[in-house]
DNA sequence: GTGAGTAGCTTGCATACTGCAAGTGACAAT
DNA sequence: ATTGTCACTTGCAGTATGCAAGCTACTCAC
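Chains as they are written, first to last, in the numbering used here: chain A, 95 to 208; chain B, 95 to 208.
Structure (structure tokens):
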């Protein structure tokens, strides 16, 4: 196997996750969000072109799967794959660190479905 | 407290760590590296201006402390603060995820000192 | 059937960030 | 006097970000 920057697992993870938005989209997915408008309405106010770009990248890296939830007009939703769900422990340790060092931060409640 | 993007701990963490290089510098620090040339010689080939910028940012966010290790000519080295060391579990979970999903990746050995 | 609304994007464009290459200043060693 | 080392700094072209607006394909109310 040949790697883009190095054979370090952290480096390869950062080539997918290393920006200010990708992990927030994954956070939303972990919280139960699935649709474009749900991501858009998160408090960080992601721009729609950036969201579209990140969803596309997450799909091609196999962290997220896109599927139609209705036909006519066709509408899509996004869900985490196993690989994507595997990032939950990373988010959890990040939350622990963040809550310790940024007083006043809090976690969002999970979105309820069905 | 008022936050830049939101009161989410992940968001606030990403405002410091959310790019392709910062966590690699922290990885190097965790591995025991301290000097400019040591960071420069990591296999990812960080550009020197980016390294200088990231070290400055890490210092102002209180993750890294800069100190002179000699006078005449004055030379500096960098070490993790407690806040910076607190990121070790995050790196560890990232390594676990990375090794699982990028076959062939490996962790670097710690630098020996003294 | 016209108008308004909704969902999931796409496009244009100015500004900000990234990264390569080269240069700088203060020394130490030969 | 020359070469080398270390810790940066600078110039500049290319890439990414983010705001605003637009687009497509519907549904629903009137």
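We treat Cβ as the ideally placed atom computed from N, Cα and C, and that holds for glycine.
Just so it is clear, the structure is predicted and the values come from calculations on it, not from any experiment.
> Any Cβ of chain A within less than 8 Å of the Cβ of residue 113 (chain B)?
Replying inline: As a working note, residue 113 (chain B) is residue 19 in the second chain. Yes, residue 113 (chain B) counts as interfacial toward chain A.
>> So, with DSSP's three-state summary, where would you put residue 141 (chain A)?
In response: As a first step, residue 141 (chain A) must be located in the first chain, where it is residue number 47. In this structure, residue 141 (chain A) counts as coil in the three-state DSSP scheme.
> Quick one: what's residue 164 (chain A) bridged to in DSSP?
Replying inline: Translated into positions along the first chain, residue 164 (chain A) becomes position 70. DSSP output for residue 164 (chain A) lists A:169 as bridge partner(s).
> Helix, strand or coil: how does DSSP classify residue 158 (chain A) here?
Replying inline: In the first chain, the residue the question calls residue 158 (chain A) occupies position 64. Looking at residue 158 (chain A) - three-state DSSP - the assignment turns out to be strand.
> Whole-angstrom Cβ separation of residue 181 (chain A) and residue 191 (chain B), contact assumed at under 8 Å?
Replying inline: Stepping through the first chain from its first residue, residue 181 (chain A) is reached at position 87. Stepping through the second chain from its first residue, residue 191 (chain B) is reached at position 97. With a Cβ gap of about 6 Å, residue 181 (chain A) and residue 191 (chain B) count as contacting.
>> Please classify residue 158 (chain B) as buried or exposed, where buried requires at least 16 neighbouring CB atoms within 10 angstroms.
In response: Translated into the one-based positions of the second chain, residue 158 (chain B) becomes position 64. Buried, since its Cβ has 16 or more Cβ neighbours within 10 Å.
>> Could you check whether the stretch 142-152 of chain B touches the stretch 126-134 of chain B, counting it as contact only if at least three pairs of C-beta atoms, one from each stretch, sit closer than 8 Å?
In response: Yes: at least three Cβ pairs fall under 8 Å.
> Taking 8 Å as the CB-CB limit, is residue 173 (chain B) close to chain A?
Replying inline: For the purposes of this step, residue 173 (chain B) is taken as the residue at position 79 of the second chain. Not a single C-beta of chain A is nearer than 8 Å to the C-beta of residue 173 (chain B).
> Which of the residues in the stretch 185-208 of chain B, read from start to end, lie with their CB under 9 Å from any CB of chain A?
Replying inline: Along the stretch 185-208 of chain B, the positions whose C-beta sits under 9 Å from a C-beta of chain A are 185, 186, 187, 188, 189, 190, 191, 192, 193, 194, 195, 196, 197, 198, 199, 200, 201 and 202, read in chain order.
> Between residue 97 (chain A) and residue 102 (chain B), is the Cβ-Cβ spacing less than 8 Å?
Replying inline: Here residue 97 (chain A) refers to the residue found at position 3 when the first chain is read from its first residue. Here residue 102 (chain B) refers to the residue found at position 8 when the second chain is read from its first residue. It is not a contact, given that the beta carbons lie outside the stated cut-off.
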